[in-house]
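Student: Right, I'll just put the structure down here and ask away after.
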Amino acid sequence: MKIVYFLLVTICFYSSVNAQVINIPDAKFKAKLLAANETNTIAKDVGGSFFKIDVNNNGEIEVSEALQVSQLNVTNASITSLVGITNFINLNIFYCSENSLSSINLSGLVNLYFLDCSNNTISTLDVSSLRSFQSLICSNNNLSGLDLRGLANFQELDCKYNVLSSLNVSGLTKLKYIDCSSNQLTSLNVTGLTNLISLHFNFNQVTTFDCSTLINLQSLGCNNNKIASLNVIDLVKLSSLFCEYNQISLVDVGNLINLEWLACSSNNISTLDVSNLKKLTNLYCNANPNLTTLFLKNGTKENILSFANNTALKYICADDNQLDEIQNQISNSSNPNCVVSSYCSFIPGGTFYDIHGSLRFDSDKNGCDPLDLSLSNIKFLITNGTTTGNLISDGTGNYSIPVEEGTYEITPIVEDSNYMTISPAKLTVTFPTQSSPFNQDFCITANGVHNDLEITILPLIPARPGFDAVYKLIYKNNGNSVLSGTVSLLFNDAVLDFVSAMPNVDSQAINNLIWNYSTLKPFERREIEITLNVNSPMETPAVNIGDRLSFNAIINPVTGDEKPVDNSFALRQSVVGSFDPNDKTCLEGDVLTPELIGEYVHYLIRFENTGTYPAQNIVVKDLIDLSKFDISTLVPTKASHEFVTNISNGNKVEFIFENINLPFDDATNDGYIAFKIKTLPTLATGDSFTNEANIYFDYNFPILTNKATSTFKTLGTPDFAFADYFNVYPNPVHDILNIGIKNTIPLKTMAIYDMLGQIIIAVPNAQNISKVDVSKLTIGNYFLKMNTDKGSSSFKFIKQ
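All the letters of the sequence shown, read from the start, carry residue numbers -19 to -1, 1 to 781 under mature numbering (1 follows the signal peptide of the UniProt record, and there is no 0).
As structure tokens, then:
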């Protein structure tokens, strides 16, 4: 009987515990619990299904019913107290946001791992006893204290919009997400939290911050603080960085190759370089009053690029496809004189691949080897099927062509393809299928025997009355056979005194300096530098500003040369008083004869570093007028320093002097580039052509040269075809010019003119003249003009 009684008591005891009603004084909280059922989202059972908590329908929540709840959502129910919640000891997830709670007691909820109590009025919160706790959202409260100690599994914290003056997250090594923005924090220690993926603490009062150990961080937001220094250099996984409205003077993002979004407006940044950020899509760097340089050349076109109100901005370097857009923004900004270019580097932005190799001339026809002559300034035609451009190699005999992904055809081009055979004739390469760098050497061999010499005069230092002028003779073997001969420079030594030459002259006569040369190899270029002193206005004969000086250079042998037109060169130089050190000159002068239509004209562009520091990089940009010139014929002839040439966009030519460090002292601060280009054969007498260039010194505003304008003019319109009536020989001529008459024509007078149209020899009664002695003429180009009853006509000849 006693045993039966004991069993009845025990059963009744456990029944009373299981049927114990939980005290829930807040009617709205209780009503929310009672409203839970399978059709709403208030509660989930331990199996993960939405269910009815009050399973016995007695209008109360009992302990046994509370133990079945794993997830509870009582959001936006005007609840002021959660008394009774501690009985839900199997609760994992709890949403109680948007109520009127001023405190929460969660003690004993050892299985709780997620809590959202945002948008209440809670002032303190202690979750340190919740050993399973992983995620807390407590934003928009009145929290002044938050105890997170000992939460070994804690991963996510959102406590923004509170009044926290301190936040201790030390030791919470599993933390992945923190947002504590809009509080009153003056410091934040996250050292060692290496699992952090996202960290935002915008709108606080933090002055110093160390995130150097956050190696897995992908998003960092620290806007509107008082941070003066931010070290993110090792955060290579970072994809977004927001650090606006601080006092940051330097932000080095060079290693952040995954960065897509950068906002650093309203700081003290002086320079910003995002050239390594190939994934960047959005950049905000407005209102940095100290920002002077902005490097954007990264191979990507950002969706948003905002750099307004940077009043000190002087230079922006960007990709070519962004220059127009950026220039438009600059033109409408408060600093329209900011320089915009792509010349901060000469490697394309973004991912690129390199094609390189060497070019050699196989003079002994046994295959190219390192002992064969390296070829400089060779042009390459580069096309990917839709875009075509040219690169002209430097003077080392090596070339390097950077390209983007795709299939490219690379074709080396020599000045006269009939003279040479190139192996291989072209290269086709596909990236990234082929590895980079891709090496391809080209071997050039002679095709037959072709003699072709060329000479040019470059006036390096202008002619000024009473001062020394410096000239350079450039002569080159454009053919494919080794040649020897002489180089001559003719000038008026009555007004010019020879000072020196390097190398020394081999012989000297009145008005004539002569050098011997031997074994000039194909493609080889040599030079002679000459110094002449110009007469002053006080000497006799006097030289004054505005006078013209005439020079003629000739290279022999002319006989047998396939293009004798470039064996001689006539320079017509104006005497100046002062001069712009950055200028452009057409060496043929401002008046050219119609015989030069369709032929080469030569330009010299001079530049000078007038700054106070060496100029590391210089770019001379020339936009060629395609209605006057054939850009495919452009050939650099000489430069003061090593350079490469890019030709793109149809008519843009860039002579790039990289890492030359041009000094700024007056003795060594000069440089130049010379090139030749053919005029179009469709031009006519009376047509003019103009050319100018922009010179970029590092990050400075470009200097625009003068406009060099030349016009084709004739000695007079011919009344008949010269060759129909006269036969003049030999041409070139040393001494006697023979004149034969093919058809009967009454000849009246004849005259010989120089290239400026000045009469040199006049023959008034020429009816019976068949020979003219030209031996005393200086070497150069001349015209023979015949005046007859049928009118006049002229003939060009070369005096050797």
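Yeah, the Cβ is synthetic: ideal placement off N, Cα and C, and Gly gets one too. Source: prediction; values computed, not measured.
Can you find the residues in the same chain that come closer than 7 Å, C-beta to C-beta, to Pro545, ignoring five residues on each side of it along the sequence?
Tutor: Closer than 7 Å at Cβ, skipping near neighbours: Val539, Pro713 and Ile779.
Student: What do you get for Arg587, buried or exposed, if any count of 16 or more other CB atoms within 10 angstroms of its CB means buried?
Tutor: It counts as buried.
Student: Beta-carbon within less than 7 Å of Phe624's beta-carbon, same chain only, minus the 5 sequence neighbours each way: which residues are those?
Tutor: Closer than 7 Å at Cβ, skipping near neighbours: Asp375, Phe636, Ile637, Phe638 and Ile654.
Student: Which runs of the alpha helix (DSSP H) spanning at least 4 residues fall entirely within the region 657 to 708, listed in chain order?
Tutor: Runs of the alpha helix (DSSP H) inside the region 657 to 708: 703 to 706.
Student: Evaluate the contact criterion for the region 168 to 181 versus the region 199 to 207: three or more CB pairs, one atom per stretch, below 8 Å.
Tutor: A contact exists between the region 168 to 181 and the region 199 to 207.
Student: Have a look at Leu93, Asp97 and Ile391 and flag the residue whose alpha-carbon is nearest the alpha-carbon of Ser78.
Tutor: When only C-alpha atoms are compared, the closest one is Asp97.
Student: Take every Cβ of the region 460 to 467, pair it with every Cβ of the region 494 to 506, and state whether three or more of those distances are shorter than 8 Å.
Tutor: Yes, the region 460 to 467 is in contact with the region 494 to 506.
Student: Have a look at the DSSP bridge pairing and note the partners of Lys157.
Tutor: Bridge partners of Lys157: none, in fact.
Student: Going by alpha carbons, who is nearest to residue 791 out of Ala12, Tyr584, Phe69 and Asn38?
Tutor: The requested residue 791 does not occur in the structure, where the chain is confined to residues -19 to 781.
Student: Determine, using beta-carbon pairs with one atom in the region 306 to 313 and one in the region 350 to 359, whether at least three such pairs fall under 8 Å.
Tutor: Too few Cβ pairs lie closer than 8 Å, so no.
Student: From the DSSP output, read off the bridge partner residues of Gly126.
Tutor: Bridge partners of Gly126: Thr105.
Student: Report, in whole angstroms, the separation of the C-beta atoms of Asn123 and Val144, which I expect to be a contact under 8 Å.
Tutor: At roughly 6 Å, the Cβ-Cβ gap stays under 8 Å, so Asn123 and Val144 are in contact.
Student: Can the beta-carbon of His321 be found less than 7 Å from the beta-carbon of Phe682?
Tutor: One point to set straight first is that residue 321 is Val, not His, in the sequence displayed. Against a cut-off of 7 Å, the Cβ pair of Phe682 and Val321 comes out as no contact.
Student: Kindly provide the ranges of any beta strand (DSSP E) runs that are 3 or more residues long and lie completely inside the region 192 to 223, ordered along the chain.
Tutor: 200 to 202 and 221 to 223, all fully within the region 192 to 223.
Student: For my contact list, Pro393 and Phe423 are in at a C-beta cut-off of 8 Å; report their separation, rounded to the angstrom.
Tutor: Correct: roughly 5 Å between the Cβ atoms.
Student: What does the Cβ neighbour count give for Val430, buried or exposed, with the cut at 16 atoms within 10 Å?
Tutor: Result: exposed.
Student: Taking the alpha-carbon of Asn80 as reference, which of Cys119, Val44 and Ala482 has the nearest alpha-carbon?
Tutor: For Asn80, the nearest C-alpha among the options comes from Cys119.
Student: Please look up how many angstroms separate the CB atoms of Gln471 and Asn492, rounded, as I've assumed it's under 8 Å.
Tutor: The sequence shown places Leu at residue 471, rather than the Gln named in the question. Indeed, because the Cβ distance is near 6 Å, the residues count as touching under 8 Å.
Student: Let me confirm a value: Val600 is counted as buried when at least 16 other C-beta atoms fall within 10 Å, else exposed. Which label applies?
Tutor: Val600 should be labelled buried.
Student: Could you tell me which whole beta strand (DSSP E) segments of length 3 or greater appear in the region 485 to 515?
Tutor: If we require 3 residues or more, the beta strand (DSSP E) runs fully inside the region 485 to 515 come out as 488 to 490, 493 to 501 and 506 to 515.
Student: Could you have a look at Val187 and say whether DSSP puts it in helix, strand or coil?
Tutor: Val187: coil per DSSP, three-state reduction.
Student: Asn762 by DSSP, collapsed to three states: which one?
Tutor: Correct three-state label for Asn762: strand.
Student: Would you tell me roughly how many angstroms separate the C-alpha atoms of Ala482 and Ser230, rounded to the nearest one?
Tutor: Using only the alpha carbons, I get a separation of about 55 Å.
Student: To the nearest angstrom, report how far apart Ile605 and Thr614 are at their CA atoms.
Tutor: About 12 Å.
Student: Look at Tyr456 and Ile511 and say whether their C-beta atoms are less than 7 Å apart.
Tutor: No. Outside cutoff.
Student: Taking the beta carbon of Lys141 as the centre, do at least 16 other beta carbons fall within 10 Å, making it buried, or is it exposed?
Tutor: Its Cβ being crowded by 16 or more others within 10 Å, Lys141 is buried.
Student: Do you know how far the Cα of Ser125 is from the Cα of Ser62?
Tutor: Spanning the two alpha carbons is a distance of roughly 20 Å.
Student: For Gly338, which residues does DSSP report across the bridge?
Tutor: Per DSSP, Tyr380.
Student: Quick check: what's the CA-CA separation for Cys245 versus Ile336?
Tutor: Each residue's Cα considered, the two are about 37 Å apart.
Student: How far does the alpha helix (DSSP H) with Ser45 in it extend, from its first residue to its last?
Tutor: Start and end: Val44 to Ala47.
Student: Give the straight-line distance between the Cα atoms of Ile363 and Glu396, rounded to the nearest whole angstrom.
Tutor: Straight-line Cα distance between these residues: approximately 17 Å.
Student: For Asn305, report the span of its alpha helix (DSSP H) as first-last.
Tutor: Sequence inspection shows Asp at residue 305; the Asn mentioned does not correspond to that position. Leu304 to Ser312 is the span of the alpha helix (DSSP H), which, as asked, contains Asp305.
Student: Buried or exposed: which applies to Ile526, given that a residue is buried once 16 or more other Cβ atoms fall within 10 Å of its Cβ?
Tutor: Result: exposed.
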